[in-house]
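First to last, the protein sequences are chains A and D.
So that you can map any letter, position 24 of the first sequence is 89 in the working numbering, and since no number is skipped, the others follow by simple counting.
So that you can map any letter, position 126 of the second sequence is 150 in the working numbering, and since no number is skipped, the others follow by simple counting.
Think of the CB as a built atom: it goes at the ideal place given N, C-alpha and C, for glycine as much as any other residue.
Predicted model, so just to flag it, every value in this text is computed and none were measured.
Here is the structure we will look at, set down as structure tokens.
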Amino acid sequence: MNANNFNIEDLLPFYAMDAVTDEERAFVDAYLETHPAARAELATLQTSADALALTVEPLTPPDSVKAALMGRVMEERKAPKPDVAPAPATPVRQSWFQQLRQSLVFPTVAVAACAVAVFFGVRAQGLQSQLAAQQSEIVALTTDNQRLSAETASLLVQTKALEAQLDEQANALLMARTTEPSFLELASTVGDADAAGQFWNASDEQDTAVLLLTGMPVLDASLAYQLWYVDAEGVIASEVLTVDDTGRGVLVLNEVADLTQFTGLAITIEPAGGSIDPTGDVVLLGTF
Amino acid sequence: MDLSQQSDEALMLAVTNKRESALSELYDRHAATVLGVVYRIVGDRAVAEEVLQEAFWRIWNNADKFDSTQGKFTTWMFSIARRHAIDVYRKQQVRPQLADSANQDDQLAQVADEMNVSQTASSNIEADQIRNAVAALPTDQRQVLEMAYFQGKTRREIAKETNIPLGTIHTRARLGLQRLQKLLVEQGVSYER
Chain A
66 MNANNFNIED LLPFYAMDAV TDEERAFVDA YLETHPAARA ELATLQTSAD ALALTVEPLT
126 PPDSVKAALM GRVMEERKAP KPDVAPAPAT PVRQSWFQQL RQSLVFPTVA VAACAVAVFF
186 GVRAQGLQSQ LAAQQSEIVA LTTDNQRLSA ETASLLVQTK ALEAQLDEQA NALLMARTTE
246 PSFLELASTV GDADAAGQFW NASDEQDTAV LLLTGMPVLD ASLAYQLWYV DAEGVIASEV
306 LTVDDTGRGV LVLNEVADLT QFTGLAITIE PAGGSIDPTG DVVLLGTF
Chain D
25 MDLSQQSDEA LMLAVTNKRE SALSELYDRH AATVLGVVYR IVGDRAVAEE VLQEAFWRIW
85 NNADKFDSTQ GKFTTWMFSI ARRHAIDVYR KQQVRPQLAD SANQDDQLAQ VADEMNVSQT
145 ASSNIEADQI RNAVAALPTD QRQVLEMAYF QGKTRREIAK ETNIPLGTIH TRARLGLQRL
205 QKLLVEQGVS YER
């Protein structure tokens with residue numbers, strides 16, 4: 066008990082539930098400052114008091130409440146800090162004594178006032194310079210900010226375009242993988258271990274392909290290797306190629322048949338101009 | 025940084041530094057509970073929603089006054105929300121329930137019914153356990169806690185309204201909170217939010 070007739074034991078539970086008068090609150094606050102045991106007891110009581118809040122069924126607020134709250138927050142952050150306006154000067158009517166006294170001390174006061182004015186004048190000038198410098202800095206930063214915003218917007222547009230391009234390419238690759246074979250190895254049918262062929266269906270549009278032959282025997286000038294598309298009913302002629310002294314030859318096909326229609330590719334030896342139907346033996350064969 | 029993993033107190037530190045996302049996270053975490061509490065006090069949904077918004081606005085603007093060494097964020101938050109709700113209620117007198125002291129017994133029975141309904145409706149086991157613990161309090165103790173916590177009435181106001189000696193009110197408040205703590209421990213509820 067104290068001069069206010071307060072008993073801390075009586076007040077703590079109500080303080081924990083925030084149900085005290087201002088006077089009682091001040092008393093408890095002061096008491097807690099110097100009594101750690103009371104603080105510990107209060108913590109326990111507050112835990113129970115907080116639990117009372119959970120006896121109420123929670124209610125989901127509409128989104129508009131949060132929107133309004135966050136709107137206020139954003140507005141506050143955007144709003145400039147209010148300037149502190151100087152208090153308006155109140156005219157004071159002076160007595161004759163005050164006037165006389167002022168007239169006697171005026172010269173001294175005037176000199177002092179001049180000194181003060183000069184001091185503050187210089188100081189004000191310095192502050193004005195600082196202010197001007199800061200304003201310039203703000204303008205520069207604002208310009209930078211605007212430029213960066215524009216650059217960011219431009220980069221975003223470029224990023225979007227690149228993303229679209231990547232998506233397109235990814236789709237094309239997916240199509241290529243799922244619709245047509247893109248690579249095929251051809252092996253010798255006559256037991257020549259060095260002879261081999263590799264066929265790439267190279268472009269997104271599927272209309273360009275490359276055939277690479279390696280380790281092939283060098284043919285007489287009147288002969289050439291010819292590529293054939295193989296299907297269940299037979300073969301369809303494609304183009305001819307020759308190989309160099311190392312047995313290496315490359316054929317670029319700018320118009321490729323729909324490979325899904327065929328079961329494989331074959332290479333035969335034909336007359337240099339090529340044949341409509343195969344006349345020589347198949348030397349390389351690959352199946353899809 | 026994943027704010028959802030941060031404690032309330034850590035988020036408050038961020039709110040002190042004026043991070044809106046931290047306030048947003050605290051709102052998402054507690055708004056429903058706070059709205060439930062302030063609605064219980066003011067008894068009007070629209071007014072309760074205004075109080076909710078104002079409470080979080082005050083949390084935003086007074087974040088530097090929160091001291092985590094002095095207590096949990098939820099204690100401070102509920103204090104802000106309840107005080108404002110009680111002020112609004114007293115000014116507008118809009119709350120339709122639990123205001124008439126002559127019907128306290130009926131009101132408490134109603135509260136108990138609401139608690140029972142809540143128990144079956146709620147999927148929150150912890151909240152159910154707390155409701156059970158409060159419902160298990162003796163009626164006279166629960167009455168004092170109800171009047172103090174949800175109506176903001178001081179000990180003298182409660183004594184006057186219930187026509188019960190002040191000393192008895194003191195005892196009931198203390199025993200009520202202590203018993204509630206004991207029941208929560210017995211039920212294994214560690215109320216740390």
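Interface flag, residue i vs chain D, CB-CB below 8 angstroms
i, result
"Glu98 of chain A", "no"
"Leu169 of chain A", "Bear in mind that a pLDDT of 47 at Leu169 of chain A, under 50, signals an unreliable position, so the number given afterwards is only what the model happens to contain. So, not an interface residue."
"Ala144 of chain A", "no"
"Ala81 of chain A", "yes"
"Val85 of chain A", "yes"
"Ser113 of chain A", "yes"
"Ala133 of chain A", "yes"
"Asp75 of chain A", "yes"
"Glu122 of chain A", "yes"
"Arg137 of chain A", "yes"
"Leu110 of chain A", "yes"
"Pro126 of chain A", "yes"
"Leu117 of chain A", "yes"
"Val93 of chain A", "no"
Residue-level contact to chain A via CB, residue i, 8 angstroms cutoff
i, result
"Gly212 of chain D", "no"
"Ile154 of chain D", "yes"
"Leu208 of chain D", "yes"
"Lys89 of chain D", "no"
"Leu71 of chain D", "Per the sequence shown, the amino acid found at residue 71 of chain D is Val instead of Leu. Chain A, which has no Cβ nearer than 8 angstroms to the Cβ of Val71 of chain D, makes this no."
"Phe97 of chain D", "no"
"Leu37 of chain D", "no"
"Leu4 of chain D", "Because chain D in this structure spans residues 25 to 217, residue 4 of chain D falls outside the shown range and cannot be described."
Cβ pair residue i, residue j closer than 8 angstroms
i, j, result
"Gln234 of chain D", "Leu208 of chain D", "Nothing about residue 234 of chain D can be reported from this structure: the residues present for chain D run from 25 to 217 only."
"Leu22 of chain D", "Val62 of chain D", "The structure shown does not extend to residue 22 of chain D, since chain D spans only 25 to 217, so no value can be given for it."
"Leu284 of chain A", "Ile334 of chain A", "yes"
"Thr154 of chain D", "Ala109 of chain D", "First, the residue type needs correcting, since residue 154 of chain D is Ile and not Thr in the sequence shown. For Ile154 of chain D and Ala109 of chain D, no; Cβs fall outside 8 angstroms."
"Leu349 of chain A", "Ile332 of chain A", "yes"
"Glu44 of chain D", "Val138 of chain A", "yes"
"Thr40 of chain D", "Ala87 of chain D", "yes"
"Arg104 of chain A", "Leu97 of chain A", "yes"
"Ala56 of chain D", "Pro126 of chain A", "yes"
"Gly351 of chain A", "Glu250 of chain A", "yes"
"Asn266 of chain A", "Ser253 of chain A", "no"
"Val305 of chain A", "Tyr294 of chain A", "no"
Proximity test, residue i beta-carbon vs the ligand ADP heavy atom, cut-off 7 angstroms
i, result
"Ala72 of chain D", "No copy of the ligand ADP occurs in the structure displayed, which carries no ligand at all."
Residue range of the unbroken beta strand (DSSP E) whose run includes residue i
i, result
"Gly200 of chain D", "Note, Gly200 of chain D: premise wrong, no beta strand (DSSP E); alpha helix (DSSP H) at Leu190 to Glu210."
"Val121 of chain A", "No beta strand (DSSP E) contains Val121 of chain A, which DSSP labels as neither H nor E."
"Leu161 of chain D", "Counting along the chain, Leu161 of chain D falls outside any beta strand (DSSP E), and DSSP gives it neither H nor E."
"Leu349 of chain A", "Val347 to Thr352"
Residue i - containing alpha helix (DSSP H), residue span
i, result
"Phe79 of chain A", "Ile73 to Ala81"
"Phe102 of chain D", "Phe97 to Gln116"
"Val255 of chain A", "Element bounds for Val255 of chain A: n/a, residue is neither H nor E."
"Gly60 of chain D", "Glu44 to Val66"
"Asn187 of chain D", "Here Asn187 of chain D belongs to no alpha helix (DSSP H), and DSSP marks it neither H nor E."
"Lys143 of chain A", "Asp128 to Lys143"
"Leu97 of chain A", "Asp87 to Thr99"
Check: Should the stretch 189-206 of chain D be regarded as contacting the stretch 160-177 of chain D, the criterion being three or more beta carbon pairs within less than 8 angstroms?
Finding: yes
* **beta strand (DSSP E) runs contained entirely in the stretch 265-331 of chain A, provided each spans 3 or more residues** => 274-279, 288-296, 299-306 and 314-318
Is the stretch 68-88 of chain D touching the stretch 123-139 of chain A, taking contact as three or more C-beta pairs under 8 angstroms? yes
Are there three or more Cβ pairs, one per stretch, closer than 8 angstroms when the stretch 27-41 of chain D is compared with the stretch 96-107 of chain D? yes
Segment contact, 8 angstroms Cβ cut-off, at least three pairs: the stretch 214-223 of chain A with the stretch 308-324 of chain A = no
**Item:** Inter-stretch contact at 8 angstroms, needing at least 3 Cβ pairs: the stretch 274-294 of chain A / the stretch 252-265 of chain A
**Value:** yes
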